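Okay, structure first, notes after.
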Amino acid sequence: MKKTILSLLLIAAAVLTAAPRVSRTTLAAMEKSLDRTISSLWQDNAYLLLGSTRGVYLEGYGAVFTAEVNLMPNPVSLMSSRLTPADIAKFHQTKAERVVVLKKTLTEALGSTAASLDTVPADEKITIVAFLDHFTWEDMNGIPVQITVEAQKKALLDAQKAGGKVPASAVRVTEN
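Numbering (our numbering), first residue to last: 173 to 348.
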């Protein structure tokens, strides 16, 4: 009886100390890839990516990556400290256009990320969340605070194998 209990305890300990399904090295490589992708979108903003992308694997759900993004540089400076209503409207229009580009970029990034995360099971998801920075004075009408793109890994890989883009029906995009 004691040997049976001891054997079960040893097996349980081995299971608990098993390596994670997705290694930290793999997640770090995807974080850097997403950093490069986001940082290269627009050249007029040195602070486009605020901090580094962070990734985590959640057993039973999949891989989740988060990034804080500043779509537009602050037009307020020492030389120009007041914004006219026209300046604010132009800022809003440009930011709205960039939201569309960011959503498309994140959706495309899902595919390449899924291909690199070979240890994530096919029935789990790949999710990228972008938190959008904003200024207190800006018009937030129609501008989300968060964009989430997610898809089942299998759908992403199937689209890549077919040589095409990921179908919109396979990707869930939400804005908050």
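Don't be surprised by glycine CBs; every beta carbon is placed ideally from N, CA and C. Because the structure is a prediction, the values reported are computed rather than measured.
Counted within 10 angstroms of its Cβ, other Cβ atoms place residue i as buried (16 or more) or exposed
i           : result
residue 220 : buried
residue 336 : exposed
residue 223 : exposed
residue 194 : buried
residue 227 : buried
residue 231 : exposed
residue 333 : exposed
residue 258 : exposed
residue 327 : buried
residue 314 : exposed
Rounded separation between residue i and residue j - CA only
i           : j           : result
residue 287 : residue 341 : 19 Å
residue 246 : residue 261 : 14 Å
residue 273 : residue 214 : 10 Å
residue 320 : residue 225 : 14 Å
residue 344 : residue 251 : 43 Å
residue 210 : residue 294 : 25 Å
residue 204 : residue 249 : 31 Å
residue 229 : residue 218 : 29 Å
Under the three-state DSSP convention, the category residue i falls into
i           : result
residue 329 : helix
residue 324 : strand
residue 271 : helix
residue 231 : coil
residue 307 : coil
residue 315 : coil
residue 225 : coil
residue 238 : strand
residue 266 : helix
residue 346 : strand
residue 247 : coil
residue 288 : helix
residue 253 : coil
Unbroken alpha helix (DSSP H) run spanning residue i, endpoints
i           : result
residue 208 : 196–211
Start-to-end residues for the beta strand (DSSP E) that takes in residue i
i           : result
residue 297 : 297–304
is_contact[residue i, chain D] using C-beta, thresh 8 Å
i           : result
residue 266 : Of the chains in the structure shown, none is chain D; there is only one protein chain.
Assumed close pair residue i, residue j - CB separation to whole angstroms, cut-off 8 Å
i           : j           : result
residue 301 : residue 198 : With 8 Å as the limit, residue 301 and residue 198 do not qualify as a contact, their Cβ atoms being about 19 Å apart.
residue 240 : residue 290 : No, residue 240 and residue 290 are not in contact; Cβ-Cβ is about 28 Å, not under 8 Å.
residue 282 : residue 323 : 5 Å
residue 270 : residue 312 : No, residue 270 and residue 312 are not in contact; Cβ-Cβ is about 14 Å, not under 8 Å.
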